[in-house]
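Here is the structure we will look at, set down as structure tokens.
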Amino acid sequence: MQFSKERVIQALAAKGITTTCPRCGQKTTWELVDGFVHFDVSADSQTHEIGGPAFPAVALGCNHCGFLSFHVAQLLGLDVAPGQPSPSSPQE
Ligand SMILES: [Zn+2]
Numbered sequence: 001m002q003f004s005k006e007r008v009i010q011a012l013a014a015k016g017i018t019t020t021c022p023r024c025g026q027k028t029t030w031e032l033v034d035g036f037v038h039f040d041v042s043a044d045s046q047t048h049e050i051g052g053p054a055f056p057a058v059a060l061g062c063n064h065c066g067f068l069s070f071h072v073a074q075l076l077g078l079d080v081a082p083g084q085p086s087p088s089s090p091q092e
């Protein structure tokens, strides 16, 4: 799926995401990073495989304190590409 700010905002709203920041406590606006952030999945702590299994997430930054929060795209109901691993079922 191509990143679409509108689709991501709709998905976050459908999940009832609040606007209160968990770090600074401000009821604030959030900046949506314009693209997916990928979290790498590895079987051991010493290996980081570039281009290996990863899962896409969307990132929001608090406009007051800069705190970043992440939401797994698949769990938001976004149509991520088939074959991409989820956090609970990483591919080998
Ligand atoms: Zn904040």
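When you number the sequence shown by my numbering, it's gap-free, plus one each residue, and the end is 92.
Quick reminder that beta carbons are idealized off the backbone N, C-alpha and C, glycines included.
Computed from a prediction, not measured in an experiment: that's the story for all the values here.
Can you list, in chain order, the residues of its chain with a C-beta nearer than 6 Å to that of L76? Leave out the 5 residues immediately preceding and following it.
For this step, residue 76 is matched to residue 76 along the sequence shown. Closer than 6 Å at the Cβ level, and outside the excluded window around L76, lie A11.
Go to A11, then tell me how far its alpha helix (DSSP H) extends in each direction, as first and last residue.
As a position in the sequence shown, residue 11 is number 11, starting the count at 1. K5 to A14 is the span of the alpha helix (DSSP H), which, as asked, contains A11.
Is L75 helix, strand or coil by DSSP?
By one-based count along the sequence shown, residue 75 stands at place 75. Here L75 sits in helix by DSSP.
Which of the three DSSP states is assigned to G61 in this structure?
The count along the sequence shown starts at 1 and reaches residue 61 at position 61. In the structure shown, G61 sits in a strand (DSSP, three-state: E or B).
Give the secondary structure of E49 by DSSP, where H, G and I count as helix, E and B as strand, and everything else as coil.
Here residue 49 corresponds to residue number 49 of the sequence shown, with the count starting at 1. Coil at E49, not helix or strand.
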